[in-house]
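Colleague: Got a structure here, written out as structure tokens. Questions coming.
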Amino acid sequence: MYFSTVSILGTTMALTLAANLVPTATVLSYPQDGLFIAQTSSPQRPENRPRGMNNSRERLIEQLNLTDDQKSKVAAIRQKYQEKTKKLRETLRSNEQELNSLLSNNASDRDIRAKHQQISRNRQEMSNLQFESFLEIRQVLTPAQRKEFSQLMQESRANSRNRGRQ
602 MYFSTVSILG
612 TTMALTLAAN
622 LVPTATVLSY
632 PQDGLFIAQT
642 SSPQRPENRP
652 RGMNNSRERL
662 IEQLNLTDDQ
672 KSKVAAIRQK
682 YQEKTKKLRE
692 TLRSNEQELN
702 SLLSNNASDR
712 DIRAKHQQIS
722 RNRQEMSNLQ
732 FESFLEIRQV
742 LTPAQRKEFS
752 QLMQESRANS
762 RNRGRQ
């Protein structure tokens, strides 16, 4: 499971409804041969789960007892942001591959830093899109559903922390 978090006025809220918009991560390592390596990793989709389906998101929607109209609106919002982020994800992957190439060759520190900054901007833009998606989805919820959503997110964070300690 993977989800993004955002801090709003000191309160951290998990954005699981807007999750899966950033499916890659770059990991820099320093192996024994002394060369940096940038690895791009994508979370694996379980074989029995259709592409784009997120079981935790579906369970959350079920727990919030969304009306058919709300479900339709949430689906439209998700679709809107998936379309917006597709090109950005491709750009991010390309930039990560370019960084890997720069790191494995004799590129200057200046060029490597510039590519890293470009990747950072891509990730910030992706984070902004996730946040905007979250805000739009939040507008679909009733005040009672927002409160329940907040409680579910607190439970989810607690469970995530407990899994990490095991």
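If you use our numbering, the sequence shown closes out at 767, no skipped numbers anywhere. All C-beta atoms, glycine included, are put in the ideal place defined by N, C-alpha and C.
Pairs of beta-carbons, one from the segment 718-727 and one from the segment 745-762, closer than 8 Å: are there three or more?
Modeller: Taking 8 Å as the limit for Cβ pairs, the verdict is that the segment 745-762 does not touch the segment 718-727.
Colleague: List in chain order: all unbroken beta strand (DSSP E) runs of 3+ residues lying wholly within the segment 648-708.
Modeller: Qualifying beta strand (DSSP E) stretches: none in this window.
Colleague: Helix or strand or just coil, what does DSSP make of Leu753?
Modeller: Residue 753 sits at position 152 when you count from the first residue of the sequence shown. Helix.
Colleague: Roughly how many angstroms lie between the CA atoms of Ser757 and Asn706, to the nearest whole one?
Modeller: Residue mapping note: residue 757 aligns to position 156 of the sequence shown, counting from 1. Residue mapping note: residue 706 aligns to position 105 of the sequence shown, counting from 1. Roughly 42 Å separates the two Cα atoms.
Colleague: Under a three-way DSSP split, which group does Leu742 fall into?
Modeller: Sequence index remark: in the sequence shown, residue 742 carries index 141 (1-based). If DSSP states are grouped into helix, strand and coil, Leu742 belongs with coil.
Colleague: Please classify Arg747: does DSSP put it in a helix, a strand, or coil?
Modeller: The residue you call residue 747 lines up with position 146 of the sequence shown. It is helical.
Colleague: Are there 16 or more other CB atoms within 10 angstroms of the CB of Thr686, so buried, or fewer, so exposed?
Modeller: Position 85 of the sequence shown, counting from 1, holds the residue named residue 686. Buried, since its Cβ has 16 or more Cβ neighbours within 10 Å.
Colleague: Give the single residue among Asn696, Arg690, Ile713 and Asp670 whose Cα lies nearest to the Cα of Gln731.
Modeller: If you number the sequence shown from 1, residue 731 lands on position 130. The option with the nearest alpha carbon to Gln731 is Arg690.
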